[in-house]
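Please read the structure below before turning to the comments.
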Amino acid sequence: MIAVIGGAGYIGSHTVKYLIEQGEEVVVFDNLSNGHLEMVHEQAAFFQGDLASMSDLETFFNQYKVDSIIHFAAFAYVGESVEHPAKYYRNNMANTLNLLDSMLLHHINTIVFSSTCATYGNPLELPITEVHPQQPINPYGRTKLMMEQMIDDYAAAYGLRTAALRYFNAAGADPTGHIGEWHDPETHLIPLVLETAGGRRNEILIFGHDFDTKDGTCIRDYIHVLDLADAHYRALQYISEKERNIKLNLANGAGYSNLEIIQTAEKITGRTINYRLVERRPGDPAVLIGSALETKKCLGWEPKYKLADIIQSAWNWHTKKWEEH
Ligand code: UDP
Numbered sequence: 001m002i003a004v005i006g007g008a009g010y011i012g013s014h015t016v017k018y019l020i021e022q023g024e025e026v027v028v029f030d031n032l033s034n035g036h037l038e039m040v041h042e043q044a045a046f047f048q049g050d051l052a053s054m055s056d057l058e059t060f061f062n063q064y065k066v067d068s069i070i071h072f073a074a075f076a077y078v079g080e081s082v083e084h085p086a087k088y089y090r091n092n093m094a095n096t097l098n099l100l101d102s103m104l105l106h107h108i109n110t111i112v113f114s115s116t117c118a119t120y121g122n123p124l125e126l127p128i129t130e131v132h133p134q135q136p137i138n139p140y141g142r143t144k145l146m147m148e149q150m151i152d153d154y155a156a157a158y159g160l161r162t163a164a165l166r167y168f169n170a171a172g173a174d175p176t177g178h179i180g181e182w183h184d185p186e187t188h189l190i191p192l193v194l195e196t197a198g199g200r201r202n203e204i205l206i207f208g209h210d211f212d213t214k215d216g217t218c219i220r221d222y223i224h225v226l227d228l229a230d231a232h233y234r235a236l237q238y239i240s241e242k243e244r245n246i247k248l249n250l251a252n253g254a255g256y257s258n259l260e261i262i263q264t265a266e267k268i269t270g271r272t273i274n275y276r277l278v279e280r281r282p283g284d285p286a287v288l289i290g291s292a293l294e295t296k297k298c299l300g301w302e303p304k305y306k307l308a309d310i311i312q313s314a315w316n317w318h319t320k321k322w323e324e325h
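With our numbering as the guide, the letters of the sequence shown map in order to residues 1 to 325.
Structure follows, in structure tokens:
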């Protein structure tokens with residue numbers, strides 16, 4: 001049985017659905033602080049628990065016969081991490097330590113976990129590969145790098161099998177429109193652009209227009225959440241079978257500027273999207289593009305979804321959610 005920690009969240013819930021479709025037995029552990037119970041697939045078992053509580057973890061692992069872990073549970077807002085680092089060190093670092101210690105107690109030795117391109121910091125060269133120096137520029141990125149390092153040390157000392165997957169910009173939704181990106185507050189570009197297209201906002205503010213890029217706005221590498229789900233499953237199989245721990249990028253290898261996102265969203269939705277160019281947001285590098293060549297070599301993984309699929313699937317999800325909520 002696979003335990004998906006944070007399986008009621010955005011990427012977690014898509015991975016749970018994907019695992020179920022592959023015939024896996026899944027249990028979700030989530031405190032529902034940011035997740036949504038209705039996003040958890042009906043065939044997955046659900047346990048409401050908090051990683052801050054060793055006793056929740058104890059009850060959980062006594063109740064379910066878990067063979068491996070996929071760990072998504074973390075806070076992921078850069079700006080908030082600068083204002084409230086305590087929250088990030090506690091939730092991302094200390095709680096992961098609890099999870100690792102519980103794994104040891106219950107003789108579970110396989111873990112795939114969500115890392116991020118934010119562990120690289122400002123790119124020294126593009127596209128970013130896995131050997132790029134890791135010099136994060138905000139507390140969020142630092143907590144994720146420390147989680148990688150902590151897991152490495154546990155792996156070396158206690159023989160864990162581990163995979164750290166460094167995502168670039170996760171986006172898109174399951175094509176059914178039943179689950180998708182649902183954050184409160186929402187801070188990510190694509191959902192905000194679509195909320196503007198849907199008349200839920202008057203305008204989207206575009207942070208920075210004087211970057212050294214083709215149109216002056218930032219460039220990001222968007223990767224579909226179902227491609228992420230597929231990569232987690234492959235990574236889990238790989239580390240379960242091979243005597244090797246892995247750290248891999250999950251990226252499309254192509255970048256789009258913020259204005260290109262708006263233009264593509266206008267085409268797909270058929271709506272005009274009001275935007276305003278404003279000051280830069282602190283801590284935003286001009287360009288982030290990842291290389292996933294190593295991931296392809298190692299896992300045979302290749303992203304299936306392009307930008308138009310990402311925006312179309314996200315639009316389906318948002319319009320459906322607005323009808324229901
Ligand atoms: N962005 C923006 N307006 C917003 C939210 C985001 O211009 O309201 C920009 C942000 O500055 C960055 C890009 O969109 O250039 C992607 O930001 P997002 O927060 O979606 O992801 P990040 O790259 O920070 O992980």
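In this text, a Cβ means the ideal position worked out from N, Cα and C, and glycines have one as well.
* Asked: Less than 8 Å between the CB of R408 and some heavy atom of the ligand UDP, yes or no?
  -> Outside the displayed span of the chain (1 to 325) sits residue 408, for which this structure offers no information.
Exercise. Under 8 Å from any heavy atom of the ligand UDP, does the C-beta of H183 make it?
Worked result: Walking along the sequence shown from the start, residue 183 turns up at place 183. With a threshold of 8 Å, the Cβ atom of H183 does not count as near the ligand UDP, since no heavy atom of the ligand is closer than that.
Relative to the ligand UDP, is the shortest distance from any of its heavy atoms to the C-beta of H178 smaller than 8 Å?
Stepping through the sequence shown from its first residue, residue 178 is reached at position 178. The ligand UDP has no heavy atom closer than 8 Å to the beta-carbon of H178.
Worksheet entry | Residues near F60 by beta carbon distance below 6 Å, same chain, minus five either side | Walking along the sequence shown from the start, residue 60 turns up at place 60. Cβ neighbours of F60 beyond the five flanking positions: F29, F47 and G49.
Tell me the residue span of the beta strand (DSSP E) that contains N245.
Here residue 245 is taken as the residue at index 245 of the sequence shown, counted from 1. In this chain, N245 is not harboured by any beta strand (DSSP E), its DSSP state being neither H nor E.
Residues bridged to R276 by DSSP? Translated into positions along the sequence shown, residue 276 becomes position 276. For R276, which the question treats as bridged, DSSP gives the partners L205.
Review point. How many angstroms separate the CA atom of E42 from the CA atom of G7?
Key: Taking the sequence shown and counting its residues from 1, one reaches residue 42 at position 42. Taking the sequence shown and counting its residues from 1, one reaches residue 7 at position 7. The alpha-carbon of E42 is positioned some 12 Å away from that of G7.
Simplified DSSP assignment, three categories, for Y238
The residue you call residue 238 lines up with position 238 of the sequence shown. Note: Y238 maps to helix in three-state DSSP.
Measuring alpha carbon to alpha carbon, tell me which residue in D227, L259, Q312 and S291 is nearest T269.
Residue numbering aside, residue 269 sits at position 269 when the sequence shown is read from its first letter. The option with the nearest alpha carbon to T269 is Q312.
Original post:
Looking only at C-alpha atoms, which of A292, H318, G300 and L288 sits nearest to L330?
Top reply: The chain is shown only over 1 to 325; residue 330 falls outside these bounds and no answer can be derived.
* Asked: Can F46 be considered in contact with the ligand UDP, in the sense that its beta carbon sits closer than 8 Å to one or more heavy atoms?
  -> By one-based count along the sequence shown, residue 46 stands at place 46. Not so, every heavy atom of the ligand UDP lies at least 8 Å from the Cβ.
Given 8 Å as the limit, tell me if A118 has its C-beta closer than that to any heavy atom belonging to the ligand HEM.
This structure lacks the ligand HEM; the ligands present are the ligand UDP.
| request: Identify which residue in M150, T129, D210 and A265 has its Cα closest to the Cα of T196. | output: Here residue 196 refers to the residue found at position 196 of the sequence shown. Ranked by how close their Cα comes to the Cα of T196, the residues M150, T129, D210 and A265 have A265 in first place.
P133 to G283 span [Cα, whole Å] = In the sequence shown, counting from the first residue as 1, residue 133 sits at position 133. In the sequence shown, counting from the first residue as 1, residue 283 sits at position 283. Cα to Cα, the separation comes out at about 17 Å.
Length of the line joining the Cα atoms of P139 and K297: As a first step, residue 139 must be located in the sequence shown, where it is residue number 139. As a first step, residue 297 must be located in the sequence shown, where it is residue number 297. In a straight line, the C-alpha of P139 is about 31 Å away from that of K297.
Self-check item: C-alpha distance - F75 paired with R271, whole-angstrom precision
Solution: As a working mapping, residue 75 is identified with position 75 in the sequence shown. As a working mapping, residue 271 is identified with position 271 in the sequence shown. In a straight line, the C-alpha of F75 is about 32 Å away from that of R271.
Going straight from the alpha carbon of A155 to that of L277, what length do you get?
For the purposes of this step, residue 155 is taken as residue 155 along the sequence shown, with counting starting at 1. For the purposes of this step, residue 277 is taken as residue 277 along the sequence shown, with counting starting at 1. So the alpha carbons of these two residues sit roughly 46 Å apart.
**Local conformation of R142 per DSSP, three classes** = On the sequence shown, residue 142 is found 142 positions in, with the first residue counted as 1. Note: R142 maps to helix in three-state DSSP.
Neighbourhood of V121 by C-beta distance below 6 Å, restricted to the same chain and skipping five residues each side: For the purposes of this step, residue 121 is identified with residue 121 of the sequence shown, where counting begins at 1. Val is not the amino acid found at residue 121; the sequence shown has Gly there. The beta carbon of G121 is closer than 6 Å to those of Q135, P136 and I137 in its chain, skipping five residues each way along the sequence.
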